[in-house]
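Worksheet: one structure, shown below.
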Amino acid sequence: MAALSIGQRRHMSPLQRRNAMYGYIAILPWFLGFLIFTAGPMIYSGYLTFTDWELLTPPEWIGLENYRDLLDDPAVRTALQNTFIYTIFSVPLQLLVAFGVALLLNLNIRGKNIYRALAFLPSQMPAVATAMLWFFIFSPTQGLANAAIGVFGIPPQTWLWDIGLVKPALIAIAIWAFGGAMIIFLAGLQDIPQSLYEAAEIDGAGTMSKMWNITIPLLTPTIFFNLVIGLIAAIQVFTPVYLMTGGGPGNSSTMMGLLIYQEGFEEYNMGYASLLAWVLFMIVIVLTIIQFTIARKWVYYEGDRP
Amino acid sequence: MTAEATRSIDKSIAAPGRESDQLIEEDVPRSKRATGMAQTAVVQGILLIVAAISLLPLVYMISTSLKERGTEFAYPIEWIPTPIMWSNYQTAFEVVPTWTFFSNTLVITVTTLIGGLLSASLAAYGFARVKFPGRDFLFILMLSGLMLPYMVTMIPQFVLFRELGWINTPLPLIVPSFFGGAPFYIFLLRQFFRGIPTDLEDAATLDGAGFFRIWWTVAMPLAKPALATVAILSILFHWNDFLGPLIYLQTQENWTLALGIRLFRDQYQVNFNYTMAYAVAMTLPVFIVFFTFQKYFVRGIAISGMGGR
Numbered sequence: 000m001a002a003l004s005i006g007q008r009r010h011m012s013p014l015q016r017r018n019a020m021y022g023y024i025a026i027l028p029w030f031l032g033f034l035i036f037t038a039g040p041m042i043y044s045g046y047l048t049f050t051d052w053e054l055l056t057p058p059e060w061i062g063l064e065n066y067r068d069l070l071d072d073p074a075v076r077t078a079l080q081n082t083f084i085y086t087i088f089s090v091p092l093q094l095l096v097a098f099g100v101a102l103l104l105n106l107n108i109r110g111k112n113i114y115r116a117l118a119f120l121p122s123q124m125p126a127v128a129t130a131m132l133w134f135f136i137f138s139p140t141q142g143l144a145n146a147a148i149g150v151f152g153i154p155p156q157t158w159l160w161d162i163g164l165v166k167p168a169l170i171a172i173a174i175w176a177f178g179g180a181m182i183i184f185l186a187g188l189q190d191i192p193q194s195l196y197e198a199a200e201i202d203g204a205g206t207m208s209k210m211w212n213i214t215i216p217l218l219t220p221t222i223f224f225n226l227v228i229g230l231i232a233a234i235q236v237f238t239p240v241y242l243m244t245g246g247g248p249g250n251s252s253t254m255m256g257l258l259i260y261q262e263g264f265e266e267y268n269m270g271y272a273s274l275l276a277w278v279l280f281m282i283v284i285v286l287t288i289i290q291f292t293i294a295r296k297w298v299y300y301e302g303d304r305p
Numbered sequence: 000m001t002a003e004a005t006r007s008i009d010k011s012i013a014a015p016g017r018e019s020d021q022l023i024e025e026d027v028p029r030s031k032r033a034t035g036m037a038q039t040a041v042v043q044g045i046l047l048i049v050a051a052i053s054l055l056p057l058v059y060m061i062s063t064s065l066k067e068r069g070t071e072f073a074y075p076i077e078w079i080p081t082p083i084m085w086s087n088y089q090t091a092f093e094v095v096p097t098w099t100f101f102s103n104t105l106v107i108t109v110t111t112l113i114g115g116l117l118s119a120s121l122a123a124y125g126f127a128r129v130k131f132p133g134r135d136f137l138f139i140l141m142l143s144g145l146m147l148p149y150m151v152t153m154i155p156q157f158v159l160f161r162e163l164g165w166i167n168t169p170l171p172l173i174v175p176s177f178f179g180g181a182p183f184y185i186f187l188l189r190q191f192f193r194g195i196p197t198d199l200e201d202a203a204t205l206d207g208a209g210f211f212r213i214w215w216t217v218a219m220p221l222a223k224p225a226l227a228t229v230a231i232l233s234i235l236f237h238w239n240d241f242l243g244p245l246i247y248l249q250t251q252e253n254w255t256l257a258l259g260i261r262l263f264r265d266q267y268q269v270n271f272n273y274t275m276a277y278a279v280a281m282t283l284p285v286f287i288v289f290f291t292f293q294k295y296f297v298r299g300i301a302i303s304g305m306g307g308r
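Structure (C-alpha cells):
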C-alpha cells in the first residue's frame, strides 16, 4: 500500500498536497514520540548489549562478552524456566475460567449483571493493591489461604515461602483476575448472530452441538486476541513478583521481568540488562509469529472465505 | 510484522468493540428455549461459587482494614470486626505521607490525560481522515508498538531521561504522553473517527474551516464516547502504574500512591490492618470510576484487554 501511495504522489493536485501536509502535521507528535521514545531507544539498546556500562563511566565496548555470559548464566536459565512455567499455566487457565464464566453469563439467568460485575472487579484492582492483599492472604500463619485449606483438613502451608508453592500461588492470583478476559469473551459472544442458533435449533442441534459448531468457531478470533495479549502481559510479569516474593525463596520465583529490573536498576549492569530485555523481546516476537502462523489453521474470520 | 498479521489484530481488536456497549444494558433474550429448572440451578450454583471466590478476598481486605492492631490474624476469621476501627484509615494516611503521594499521583494522572487525549486524537484524526503518502505503512508501524514490551525500551529510555536530568522528577512519566499517548489510544480513536459520517466535516470545509478547526470543533465533540474510553484507560493506567514510578521517582517526596505501598511492605508489614486500609483507599476510586462510567469502562477493557502490567 505504501509503495502505491508514493507512486501516486506525482498525480496529486495542489489541494490534495495541502491536505497531505495536514495529515503529516497531525501525526507528527506521535511520529516524533515514536522516534525519540521507541525507535531511538531500541537502536541504542541494541548497541548497549555489546557494552559493559555501570552508568558512572562511559559505556565500554566488550563485543560479545555479554552474549557469552548469557549462555552460561544460571540465573537467566532459572528466570526463563520460571517465566515459562508461570506463562504456560496462568494464561491458558485464566482464559479457560474466563471463557467458562462468560458462557454461563451469556445465558439468560437471574442476577447476571451482578455476577458479571463481581467477577470483573478483581481484574481491575490496582496491581499493587492486589499484590499486598494476596501477600496477606498467603500469610504463613493464619491467612485466608490457610483458613480455606483448613476447612478440608489440610495443614497450614508457607505458600510464598515454599519453593514448590510459590509459583502456583502467583498463578492462582493471575487466574483470580480473569475478569478482563471474560469481558472480552462476553463482547465476542454478543457479536454472534442469534439467527445462527435459531437455524441450528431448527436443524435439531443440541446445546453441545451449537457450542462446538457455532460458538467456539465464531469466537476463535476473540480467543486468539486474548491469547496474544495474555502471553505478552504474562511474559513481562513484574509487580506481583517484585512486591510479594522479590524472586524468592531462593530464585524459585525470579521471572525475566524482575531479573531485567534487578540487573539494570539494582546492579546497574545496563549492557547486560539490555541484552536480557532483547532476549525477552525476541521471545515475544517468536511467540507472536508462531501464534499468527498457527492461527491460520484454527482462527476463523467471517468474510475470509469465498 | 506483516501487513496481514496486523490486519488480523485489527479485526480481532475491532470485533469486540462494536457491540460491547450492550454489555451494560439489559440483554436481549439469548435463548428462547426455557432452560430446565435443574440446569438453571447448576448454573446459578457455579456462578455463586465464582462470585464468592471473586468477592471473598475483597471482603477480607475491607474487614482486615477495620481490625484492631494485632488482631489481623485472629482465628477463626472475624469477618465483622469488633470494634470496627475506622481510625485505621486515618492512621494509614498518617504513617506514610499519603497526601503527598496523592497529589503527585494526581499531577501525573491529569497531565498525562491531557497530553494523551490531545496528541492521540490528533494523530488518530490524521490517520482516519487524511490520505497521505505512506499513511498505511506508518499506521502499521504505530500498531506494531502494541506488541512491544515496555521492558525493552525501559533501559535506554532511562538513559535518555538521565541525560536530560529528569531523574527523580515526574517528567519521564508525563512528557511521553504528549507524543501520541499510547498506540492503543490512537488505534481506538482512529476506528471511531472512521465510523463517523463525514457530512458535518464536509459542511464545515465548505464554510471555510481549516483542518485543525474541524478536528477541534467538529470531530472532537462527536468523538466524546471514544474520548471517554481513552480517558478512563489513561487515568487508570497512570493511577495504577508501578514500574515507571519505581524507576524514575527516587526520593519519597516525589512518590506516587502505588509506589508508597512499598513503605507498608518494608516497614509496617506487621500491621496488615493499615496496609489493607491503604490498599482499600487506593482501590476505591478505581471501583467508583468503574460503577460511574461502566459503559465506557467496559468498552475500553473489551477493546484493549489490558488490565495493567
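Chains as they are written, first to last, in numbering that gives the first Met the number 0: chain A, 0 to 305; chain B, 0 to 308.
Quick reminder that beta carbons are idealized off the backbone N, C-alpha and C, glycines included.
Remember, it's a predicted structure, so these values are computed and weren't measured experimentally.
Q: Determine whether the Cβ of A/LYS111 lies closer than 9 Å to any Cβ atom of chain B.
A: yes
(Q) How far does the alpha helix (DSSP H) with A/ASN175 in it extend, from its first residue to its last? (A) Note that residue 175 of chain A is Trp in the sequence shown here, rather than Asn. Residues 165-175.
Q. Rounded to a whole number of angstroms, what is the C-alpha to C-alpha distance between B/ASP265 and B/LEU159?
A. 30 Å
Q) Which residues in chain B sit within 8 Å of A/LEU279, going by Cβ to Cβ distance? A) PRO148, MET150, VAL151
Q.
With a threshold of 8 Å, are at least 3 pairs of Cβ atoms found where one atom belongs to the stretch 144-152 of chain B and the other to the stretch 223-236 of chain A?
A. yes
Q.
Can you check which of these residues, B/ALA280, B/LEU187, B/ALA181, is closest to B/ALA127 by C-alpha distance?
A. B/LEU187
**Q.** Alpha carbon of A/ASN145 to alpha carbon of A/ILE84, nearest angstrom
**A.** 24 Å
(Q) DSSP three-state label for A/TRP133, please. (A) helix
Q) What are the boundary residues of the alpha helix (DSSP H) that B/PRO171 is part of? A) 170-173
Q: Just tell me which of A/VAL240, A/VAL127, A/MET207, A/PHE224 has its CA closest to the CA of B/LEU262.
A: A/VAL127
Q | Residue ranges of each alpha helix (DSSP H) within the stretch 167-234 of chain A, 4 or longer | A | 178-189, 193-201, 206-209, 215-234
Q: Compute the Euclidean distance between the alpha carbons of B/PRO182 and B/LEU172, then round it to the nearest angstrom.
A: 16 Å
Q: Give a yes or no on whether 9 Å exceeds the smallest Cβ distance from A/SER252 to chain B.
A: no
Q: Can you have a look at B/ARG298 and say buried or exposed, based on whether 16 or more other CB atoms are within 10 angstroms of its CB?
A: buried
Q. Whole-angstrom Cβ separation of B/PHE72 and A/GLN123, contact assumed at under 8 Å?
A. With 8 Å as the limit, B/PHE72 and A/GLN123 do not qualify as a contact, their Cβ atoms being about 28 Å apart.
**Q.** Pairwise C-alpha distance: A/ALA97 and A/ALA173
**A.** 11 Å
Q. Across which residues does DSSP place B/THR250 in a beta bridge pair?
A. The partner list for B/THR250 (beta bridge, DSSP) is empty, contrary to what the question assumes.
Q. B/MET141: buried (16+ other C-beta within 10 angstroms of its C-beta) or exposed?
A. buried
Q. Below 9 Å between beta carbons: does that hold for A/THR48 and A/GLY256?
A. no
Q: Establish whether the CB of B/ARG261 and some CB of chain A are separated by less than 9 Å.
A: yes
Q: Leaving aside the five residues before and after B/ILE45 along the sequence, list all residues of the same chain whose C-beta is less than 7 Å from its C-beta, in chain order.
A: none
Q) Relative to chain B, which residues along the stretch 226-249 of chain A have a C-beta separation below 9 Å, given in chain order? A) VAL227, ILE228, GLY229, ILE231, ALA232, ILE234, GLN235, VAL236, PHE237, THR238, TYR241, LEU242, MET243
**Q.** Chain-ordered chain A contacts of B/PHE100 [CB-CB under 9 Å]
**A.** Chain A residues near B/PHE100: none, gap ~12 Å exceeds 9 Å.
Q.
On the DSSP bridge list, what partners appear for A/GLU59?
A. A/ASP51
Q: Output, in chain order, the set of chain B residues within a Cβ distance shorter than 7 Å of A/ALA168.
A: The premise fails here: A/ALA168 is roughly 13 Å from chain B at the closest Cβ pair, so nothing lies under 7 Å.
Q.
Let me check understanding here. Comparing Cα to Cα, which of A/ILE148, A/ALA180, A/SER208 lies closest to A/PHE223?
A. A/ALA180
Q) Just how far apart, CA to CA, sit A/LEU95 and A/ASN268? A) 39 Å
(Q) So if I threshold CB-CB distances at 9 Å, which residues from the stretch 233-249 of chain B count as touching chain A? (A) LEU235, TRP238, ASN239, ASP240, PHE241, LEU242, LEU245, ILE246
**Q.** Beta-carbon proximity of A/SER44 to A/VAL165, cut-off 9 Å
**A.** no
Q: Taking only beta-carbon positions, decide if A/GLY142 is within less than 9 Å of chain B.
A: yes
**Q.** Rounded separation between B/PRO15 and A/ILE183 - CA only
**A.** Confidence in B/PRO15 is poor, its pLDDT being 40 and thus under 50, which makes the residue's placement unreliable; the coordinate value appears in the next sentence. If you take the alpha carbons of B/PRO15 and A/ILE183, they lie about 6 Å apart.
Q | Under 9 Å between C-beta atoms of B/ALA257 and B/THR90 | A | no
Q) Closest to B/SER64 by CA distance: which of B/ALA280, B/ASN272, B/TRP165 is it? A) B/ASN272
Q: Taking only beta-carbon positions, decide if B/ILE76 is within less than 9 Å of chain A.
A: yes
(Q) Need the endpoints of the alpha helix (DSSP H) that A/LEU102 sits in, please. (A) 73-104
Q.
So for B/ARG68, helix, strand or coil by DSSP?
A. coil
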